[in-house]
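What follows is a set of notes on a single structure, which appears directly below.
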Amino acid sequence: MRTVRLTTAQALIRFLNQQYIQVDGEETPFVEGMFNIFGHGNVLGIGQALEQDPGHLKVYQGKNEQGMAHAAIAFSREKLRRKIYAVTTSAGPGSANLIAAAGTALANNIPVLLLPADTFASRQPDPVLQQLEHEHSTAVTTNEAFMAVSRYWDRVTRPEQIMSALIRAFEVMTDPSKAGPATICIAQDVEGEAFDYPESFFEKRVHYLDRKPAIQRELDGAAERIKASKKPMIIVGGGARYSGARDILKQLSEKHNIPLVETQAGKSTVEVSFQNNLGGLGILGTSAANRAAAEADLVIGVGTRYTDFTTSSKTQFDFDTTSFLNINVSRLQAYKMDAFQVVADAKAALEQLAPLLDGYETAFGASLSEWKTEWLAERDRLANVTFSRDDFSPEIKEQFSQDNLNEYADALGTEFTQTSALITANEAVEPGSIVVGSAGSLPGDLQRLWHSDVPNTYHLEYGYSCMGYEVAGALGAKLAHPDREVYAAVGDGSFLMLHTELVTAIQYGQKINILLFDNSGYGCINNLQMDNGGGSYFCEFRTHDHQIMNIDYAKLAEAYGAKSYKANTAEELAAAIEDAKKQSVSTLIEMKVLPKTMSDGYDGWWNVGVAEVSESESVQKAYAARAEKLKTAKAY
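Just so we're aligned, residue 447 is where the sequence shown starts under the working numbering, counting upward by one.
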């Protein structure tokens, strides 16, 4: 057996260069590159190996471990999970900073290779810098925390272990039924240790993503249930997008008059202009989609996880009259909602099912068109909501006094409403642009109001809804689509949580655009507490003497080297976006928007913990209302 002597880290880099994936006959390299923040745990191992010979890997220096991992996750998602970045960090806090990102990847089923450094395998210098010590075990390190947030986890304490660890990791990352983060913790001394590796280990490996077809029993059962239904509805989830099921979804919907409704992950699989696309479903859904759900007697879930936001905490449907049919490559997900299961690739299964439905038509008639027309009229109204200093508009939360709102208008120097700002931005960007979001009140407005006229241009991380994902996610999306404009829609709270990859974008000439909606607080959670009987408590950004904070985010971005704008009217925002298109450097557009002016309602409901015992009458009423609503909820 021919061998080559390499360090563990050198073997890792050589192996990554030889991994390919084949989908529908097209073969491409699977690993695009590596993000790094070097420290004492990885700079002399993986750092040395990359400096010596990175191969085709593109190498980027991150600014925050969580941020660069989120960029890697966004890149993989934009590549429909068919390409990845690896991420390397030092030991201790550098590794710990990856935990939130690992959870983000796991919740969204996104493959990413995480390479946190570990303490010394030899234990000779223990305790080393940034090493934790436990009385019950010397073997426990920071990296045990990754077990709960990794699809595959391993620790390498000898050079030869990297071989089996990598093969297992890539098997997981290239399997669509269990795709997610693979974490390989490499002891820092072992990264530099050498071994005589078999040359065969570094031969080209092709990982085949073969579409799993549905079996005949599944197809017959699915066709029987659809034909027996009068008003079926298709939920388009993220799995439909990753499968590339757009064309067959449109074909089935158009031919049989079946409404399509979307999850956050599935939105823009089918463009918004398609007549039967009714938009988002559930808590953040449109009136059209939620009306279809109320009348549906069969729900066909295609690649969806049925999160609480999609199902309105399992109250969105009439469970006495509605049954479920799930098409999902994951058996775990197919079983949800006590559904009839089709465990198969979404595109393949729908194409197999199509000929079995000939002659079938739903009983929706012209209702779908009417509901969509009504919703578009509502969207137009929201686009033109204006602020009044004298009385509330219908969008503003009743618990928030007019005096409070006037105070915000004066402190922030604005009368701009959030819905008007978002729709103005949507209409100003080019149709092929990508919008990225994640947390706060913006995901609701984005799912309801943002029109994606080009497929696969909507990117919401809502599996984990991780604050701080937006700016880093925009960088990852830009790396995936260097020829497109990418916009991060982010609130001030999420921006403050993490925005450092803006510096990385500027550093490497990867232009991103940040749409910063500043309402000086955690507006989404403020809504939650006030909607459930509480007061406005510690969710507003106020100084020690109770003044509303007015932060100059535009100046901050300018200091980093971005082109910045301030836009507090629709006209100013449209002009800023037009000018931003002409820039070659990253941009930030700061918008001061009034709190309580986001969209809301449309028959969605969220089950959240409300105090069972309280001295507040409003909290008591909120608890009673929750208990009443739960009587209609499904419990499994």
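Note that CB positions come from ideal geometry on N, CA and C, so glycine has one too.
Original post:
If we call anything under 8 angstroms between Cβ atoms a contact, is residue 548 one with residue 492?
Top reply: no
Original post:
If you draw a straight line from the alpha carbon of residue 958 to that of residue 663, how long is it in whole angstroms?
Top reply: 48 angstroms
Original post:
For residue 544 versus residue 562, is the C-beta distance shorter than 8 angstroms?
Top reply: yes
Original post:
Where do the ends of the alpha helix (DSSP H) carrying residue 483 lie?
Top reply: That residue, residue 483, is in no alpha helix (DSSP H); it is neither H nor E in DSSP.
Subject >> Touch test, the region 740-760 against the region 1055-1073, Cβ-Cβ under 8 angstroms, three pairs minimum >> reply: no
Subject >> Neighbour-count burial assignment, residue 981, 16 or more Cβ in a 10 Å radius >> reply: exposed
Original post:
With residue 792 and residue 773 assumed to form a contact (beta carbons below 8 angstroms), what rounded beta-carbon distance in angstroms separates them?
Top reply: 6 angstroms
Original post:
Who are the near neighbours of residue 671 in its chain, counting only those whose CB is closer than 8 angstroms to its CB and skipping five residues on each side?
Top reply: 744, 769, 771, 786
**OP:** Inspect the beta-carbon positions of residue 867 and residue 861 and report whether they are closer than 8 angstroms.
**Re:** no
Subject >> Test item: CB-CB of residue 951 and residue 883 under 8 angstroms >> reply: no
Subject >> Spatial distance of residue 452 from residue 736 (CA atoms) >> reply: 59 angstroms
**OP:** Give the straight-line distance between the Cα atoms of residue 953 and residue 710, rounded to the nearest whole angstrom.
**Re:** 31 angstroms
**OP:** Return the CA-CA distance between residue 1070 and residue 1063, expressed in angstroms with no decimal places.
**Re:** 11 angstroms
Original post:
Mapping DSSP to helix, strand and coil, what is residue 635?
Top reply: helix
Original post:
If we ignore side chains and look at the alpha-carbon of each, how far apart do residue 825 and residue 766 end up?
Top reply: 32 angstroms
**OP:** Please confirm if the region 727-735 is in contact with the region 610-618, defined as three or more CB-CB distances below 8 angstroms between the two stretches.
**Re:** no
**OP:** Can you give me the start and stop residues for the alpha helix (DSSP H) that residue 1070 sits inside?
**Re:** 1063-1075
Original post:
By the 10 Å Cβ neighbour count, where 16 or more other Cβ atoms means buried, how is residue 705 classified, buried or exposed?
Top reply: buried
**OP:** Keeping to the same chain, check which residues put their C-beta closer than 7 angstroms to that of residue 921; ignore five residues upstream and five downstream.
**Re:** 517, 947, 950, 951, 956, 958
Original post:
residue 679: which of 725, 1026, 830 sits nearest, CA to CA?
Top reply: 725
Original post:
How many angstroms separate the CA atom of residue 661 from the CA atom of residue 668?
Top reply: 11 angstroms
Subject >> At least three beta-carbon pairs within less than 8 angstroms, the region 463-479 to the region 496-504 >> reply: yes
Original post:
How many whole angstroms separate the CB atoms of residue 626 and residue 727, which I take to be in contact at a CB cut-off of 8 angstroms?
Top reply: Not quite, the Cβ-Cβ distance comes to about 24 angstroms (not below 8 angstroms), so this is no contact.
Subject >> residue 978 vs residue 1054 beta-carbon contact at 8 angstroms >> reply: yes
**OP:** Between the Cα of residue 693 and those of 1005, 1029, 902, spot the shortest distance and give me the residue it belongs to.
**Re:** 902
Original post:
Buried or exposed: residue 808, going by 16 or more other Cβ atoms within 10 Å of its Cβ?
Top reply: buried
Original post:
Since residue 828 sits in a beta bridge, which residues does DSSP pair it with?
Top reply: According to DSSP, residue 828 bridges with nothing at all.
**OP:** Could you tell me which uninterrupted beta strand (DSSP E) segments, each at least 3 residues in length, are contained entirely in the region 508-590, listed from first to last along the chain?
**Re:** 530-535, 558-564
Original post:
Buried or exposed: where does residue 872 fall if 16 or more other Cβ atoms within 10 Å of its Cβ makes it buried?
Top reply: buried
Original post:
Just checking, does the region 960-969 make contact with the region 878-894 on the three C-beta pairs under 8 angstroms criterion?
Top reply: yes
Subject >> Of the residues 542, 558, 708, 555, the one placed nearest residue 576, counting alpha carbons only >> reply: 542
Subject >> Neighbour-count burial assignment, residue 869, 16 or more Cβ in a 10 Å radius >> reply: buried
**OP:** Figure out for me which residue from 564, 587, 695, 690 has the closest Cα to the Cα of residue 635.
**Re:** 564
Subject >> Presumed contact (8 angstroms Cβ cut-off) between residue 628 and residue 526, rounded CB distance >> reply: Residue 628 to residue 526, Cβ: 18 angstroms. No contact.
**OP:** If I'm right that residue 895 touches residue 863 with Cβ under 8 angstroms, what's the distance once you round it to whole angstroms?
**Re:** Residue 895 to residue 863, Cβ: 12 angstroms. No contact.
**OP:** Compare the beta carbon distance of residue 926 and residue 521 with 8 angstroms and say whether it is the shorter of the two.
**Re:** yes
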